[in-house]
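Q: This note's numbering runs 16 ahead of the 1-based position in the sequence shown.
We treat Cβ as the ideally placed atom computed from N, Cα and C, and that holds for glycine.
A quick note: this is a predicted structure, and the numbers were derived from the prediction, not measured.
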Amino acid sequence: MPASHNSHSGSANLPTPLQKAENLSKRLGGPSIFIKRDDLTGLAFGGNKTRILEFVMGDAKAKGADVVVAGAGWQSNWCSQVAAAANKLRMGVVLYKRAVSDDYDPEYDGNQLLQFLLGADIRAVGSPWTHVGRVKAEIMERLIAEGHHPYDANASPYASIGYVNGLLEIISQANSNGFAVDHIVTATGSGMTLAGLLLGSLAMNAGIDVLGVSITPSSGLRGAVADRANTTAKLLDLGVSVAAKDVNINEDYIGGGYAVVNEDVVKAIKLVAKTEGIFLDPVYTGKAMVGLIDLCRKGYFSDDETVVFLHTGGNAALFPYRDPIKAMLKSAKPPWVRPPWYYNE
Ligand SMILES: *Cc1c(COP(=O)(O)O)cnc(C)c1O
17 MPASHNSHSG SANLPTPLQK AENLSKRLGG PSIFIKRDDL TGLAFGGNKT RILEFVMGDA
77 KAKGADVVVA GAGWQSNWCS QVAAAANKLR MGVVLYKRAV SDDYDPEYDG NQLLQFLLGA
137 DIRAVGSPWT HVGRVKAEIM ERLIAEGHHP YDANASPYAS IGYVNGLLEI ISQANSNGFA
197 VDHIVTATGS GMTLAGLLLG SLAMNAGIDV LGVSITPSSG LRGAVADRAN TTAKLLDLGV
257 SVAAKDVNIN EDYIGGGYAV VNEDVVKAIK LVAKTEGIFL DPVYTGKAMV GLIDLCRKGY
317 FSDDETVVFL HTGGNAALFP YRDPIKAMLK SAKPPWVRPP WYYNE
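1) Could you check what DSSP says for residue 264 in three-state terms: helix, strand or coil?
2) Ligand 1 heavy atoms versus the CB of residue 300: any closer than 7 Å?
3) From the DSSP output, which residues share a beta bridge with residue 326?
4) Please say whether residue 34 and residue 200 have beta carbons closer to each other than 8 Å?
5) When DSSP labels each residue in this structure, what does residue 101 get in the three-state scheme?
6) For a quick check, are the C-beta atoms of residue 332 and residue 127 less than 8 Å apart?
7) Considering only residues of the same chain and omitting the five flanking positions on each side of residue 246, which have a CB-CB separation below 7 Å?
8) Going by DSSP, which residues form a beta bridge with residue 166?
9) Spatial neighbours of residue 322 within its chain, please: C-beta separation below 6 Å, excluding the five flanking residues on both sides.
10) Can you tell me the Cα-Cα spacing of residue 274 and residue 231, whole angstroms?
11) Which residues in the same chain have their Cβ closer than 7 Å to the Cβ of residue 213, if we skip the five residues on either side of it in sequence?
12) Is residue 64 near ligand 1, with its Cβ less than 7 Å from a heavy atom?
13) Could you tell me the alpha carbon to alpha carbon distance between residue 148 and residue 173, rounded to whole angstroms?
14) What first and last residue would you give for the beta strand (DSSP E) that runs through residue 72?
15) Whole angstroms is fine: what's the gap from residue 204's alpha carbon to residue 28's?
16) Do three or more CB pairs link the region 62-74 to the region 264-283 at distances below 8 Å?
17) How long is the line joining the alpha carbons of residue 112 and residue 144, rounded to whole angstroms?
18) Let me confirm a value: residue 19 is counted as buried when at least 16 other C-beta atoms fall within 10 Å, else exposed. Which label applies?
19) Let me confirm a value: residue 344 is counted as buried when at least 16 other C-beta atoms fall within 10 Å, else exposed. Which label applies?
20) Looking at the structure shown, is residue 137 part of a helix, part of a strand, or coil, going by DSSP?
21) At a threshold of 7 Å, does residue 12 count as lining ligand 1 (C-beta to nearest heavy atom)?
22) Taking 7 Å as the line, does the beta carbon of residue 127 fall inside it for any heavy atom of ligand 1?
23) State the DSSP-derived secondary structure class of residue 36, mapped to helix, strand or coil.
24) Are at least three pairs of beta-carbons, each pair with one atom in the region 85-104 and one in the region 235-253, less than 8 Å apart?
25) Regarding residue 235 and ligand 1, is the C-beta to nearest heavy atom distance less than 7 Å?
26) Is the beta carbon of residue 89 within less than 7 Å of some heavy atom of ligand 1?
27) Going by C-alpha to C-alpha distance, which of 44, 32, 39 sits closest to residue 314?
28) The beta strand (DSSP E) with residue 230 in it runs from where to where?
29) Go ahead and pull the three-state DSSP assignment for residue 142.
This is the structure in structure tokens:
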């Protein structure tokens with residue numbers, strides 16, 4: 017079977033390309049940089065969540081679920097991908113998302129627009145977000161009372177398996193092209209992706225430094241990533257155990273916080289668009305690229321090393337963030353650096 021062919025429908029479009037970013041590498045003047053195009057996973061607008069959902073939705077199906085429940089921020093890529101995967105598998109989908117306030121009238125833009133088009137049942141969770149647990153419990157209870165079998169996608173222990181697979185895919189592509197990978201750099205939010213990549217590297221004894229660039233302040237993230245990796249190791253029967261100290265996370269590029277666009281992020285997005293014709297997003301991959309650029313400058317990588325930058329997707333978010341981006345590009349003081357629907361704590 018050709019590697020690029022998927023014989024069963026509903027799965028991710030794998031393998032995604034591993035492309036040499038020659039112009040970007042030259043511009044940064046350090047290591048050889050490749051971009052792993054997981055923005056091209058093929059479901060809805062693509063992204064790392066497609067790879068994650070292959071196994072999460074597989075578990076949902078195996079458990080006989082008919083409705084998937086998922087939640088995150090207002091412009092969540094995760095929610096769009098869950099809704100698209102649920103449609104493909106003819107399951108229902110209920111999303112709970114963090115809104116600005118209870119009476120917030122949402123603009124249909126970016127991921128909110130996609131989720132509306134996908135036909136998802138969207139519940140806005142107003143202030144305070146700490147009510148989210150109760151909102152989710154009520155959604156689950158209501159679905160059960162209606163005779164459904166809901167699946168809580170956010171609590172799935174299967175979330176990191178996709179990136180064990182992703183790591184194997186990167187190694188196999190590098191091998192068949194005759195080079196070795198020294199570092200993988202990825203944006204890190206919940207750590208599902210980082211946990212899978214790290215576990216894969218340890219299980220394969222690949223010796224790859226897997227670096228997560230954190231995009232939001234998150235205490236205890238290293239421990240949480242180690243827990244995810246260990247849960248995954250058990251599911252896969254890998255006999256590898258991961259400690260918090262094995263988890264490499266850089267928190268220097270968080271800037272003003274989650275989804276706060278700063279000038280460095282806009283410059284990084286422009287640089288990659290200009291050199292490679294590839295778009296990054298303002299919340300995750302743009303920030304991870306700020307990290308990659310700065311770490312190149314600081315000599316974190318040697319010139320003879322190979323770095324794979326994981327493009328985790330998120331491009332739909334470029335549009336709702338137009339105002340801060342526009343303001344930065346005009347180098348005027350931005351009217352706001354957070355979009356209006358950002359929940360201000
Ligand atoms: C969710 C997401 C991430 C972070 O992935 P985690 O597994 O939650 O750490 C990175 N980039 C994009 C575009 C995402 O949507």
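A: Working from what's here:
1) Taking the sequence shown and counting its residues from 1, one reaches residue 264 at position 248. In the structure shown, residue 264 sits in a strand (DSSP, three-state: E or B).
2) For this step, residue 300 is matched to residue 284 along the sequence shown. Yes; taking the cut-off as 7 Å, the Cβ of residue 300 has a heavy atom of ligand 1 nearer than that.
3) Numbered from its first residue, the sequence shown carries residue 326 at position 310. Its beta-bridge partners are 52.
4) Locating residue 200 in the sequence shown gives position 184, where the first residue counts as 1. Locating residue 34 in the sequence shown gives position 18, where the first residue counts as 1. No, the Cβ-Cβ distance between residue 200 and residue 34 is not below 8 Å.
5) Position 85 of the sequence shown, counted from the first residue, corresponds to residue 101. In the structure shown, residue 101 sits in a helix (DSSP, three-state: H, G or I).
6) Numbered from its first residue, the sequence shown carries residue 332 at position 316. Numbered from its first residue, the sequence shown carries residue 127 at position 111. Judged by their CB atoms, residue 332 and residue 127 are nearer to each other than the 8 Å cut-off.
7) Residue 246 sits at position 230 when you count from the first residue of the sequence shown. Same-chain partners within the cutoff: 257, 258.
8) Here residue 166 is taken as the residue at index 150 of the sequence shown, counted from 1. Paired residue(s): 83.
9) Within the sequence shown, the letter at position 306 stands for residue 322. Apart from sequence neighbours up to five positions away, the residues of its chain that approach residue 322 with a beta-carbon distance below 6 Å are 48, 195, 197, 198, ordered along the chain.
10) Taking the sequence shown and counting its residues from 1, the one referred to as residue 274 is at position 258. Taking the sequence shown and counting its residues from 1, the one referred to as residue 231 is at position 215. Straight-line Cα distance between these residues: approximately 6 Å.
11) Walking along the sequence shown from the start, residue 213 turns up at place 197. Once the five neighbours on either side are set aside, the close Cβ partners of residue 213 are 179, 182, 183, 200, 202, 226.
12) What you label residue 64 is simply residue 48 of the sequence shown in a count that begins at 1. For ligand 1, a non-hydrogen atom lies closer than 7 Å to the CB of residue 64.
13) Numbered from 1 along the sequence shown, position 132 holds the residue referred to as residue 148. Numbered from 1 along the sequence shown, position 157 holds the residue referred to as residue 173. Going by the C-alpha atoms only, they are around 20 Å apart.
14) Mapped onto the sequence shown, residue 72 falls at position 56. Residue 72 -> not in any beta strand (DSSP E); alpha helix (DSSP H) instead, spanning 64-78.
15) Along the sequence shown, one-based indexing puts residue 204 at 188. Along the sequence shown, one-based indexing puts residue 28 at 12. Using only the alpha carbons, I get a separation of about 21 Å.
16) When C-beta atoms of the region 62-74 are compared with those of the region 264-283, fewer than three pairs fall below 8 Å, so the two segments do not count as touching.
17) Here residue 112 is taken as the residue at index 96 of the sequence shown, counted from 1. Here residue 144 is taken as the residue at index 128 of the sequence shown, counted from 1. Within the model, the alpha-carbon separation for residue 112 versus residue 144 is close to 13 Å.
18) The residue you call residue 19 lines up with position 3 of the sequence shown. Any reading at residue 19 needs caution, since the residue's pLDDT is 43, under 50, leaving its predicted position unreliable; the model's value is listed next. Exposed is the call here.
19) Numbered from 1 along the sequence shown, position 328 holds the residue referred to as residue 344. Residue 344 should be labelled buried.
20) Along the sequence shown, read from residue 1 onward, the residue named residue 137 stands at position 121. Taken through DSSP and simplified to helix, strand or coil, residue 137 comes out as strand.
21) Limits of the chain in this structure are 17 at one end and 361 at the other, which puts residue 12 out of reach.
22) Here the question's residue 127 lines up with position 111 in the sequence shown. No; taking the cut-off as 7 Å, the Cβ of residue 127 has no heavy atom of ligand 1 nearer than that.
23) For the purposes of this step, residue 36 is taken as the residue at position 20 of the sequence shown. Residue 36: strand per DSSP, three-state reduction.
24) Output reads no: the region 235-253 does not touch the region 85-104.
25) Mapped onto the sequence shown, residue 235 falls at position 219. Checking the 7 Å criterion, the Cβ of residue 235 is out of range of every heavy atom belonging to ligand 1.
26) Counted from its first residue, the sequence shown places residue 89 at position 73. Taking 7 Å as the cut-off, the C-beta of residue 89 does not count as close to any heavy atom of ligand 1.
27) Your numbering for residue 314 matches position 298 in the sequence shown. Closest option to residue 314, judged by alpha-carbon separation, among 44, 32, 39: 44.
28) Stepping through the sequence shown from its first residue, residue 230 is reached at position 214. Boundaries of the beta strand (DSSP E) around residue 230: 225-230.
29) To locate residue 142, count along the sequence shown from 1; it is residue 126. Correct three-state label for residue 142: coil.
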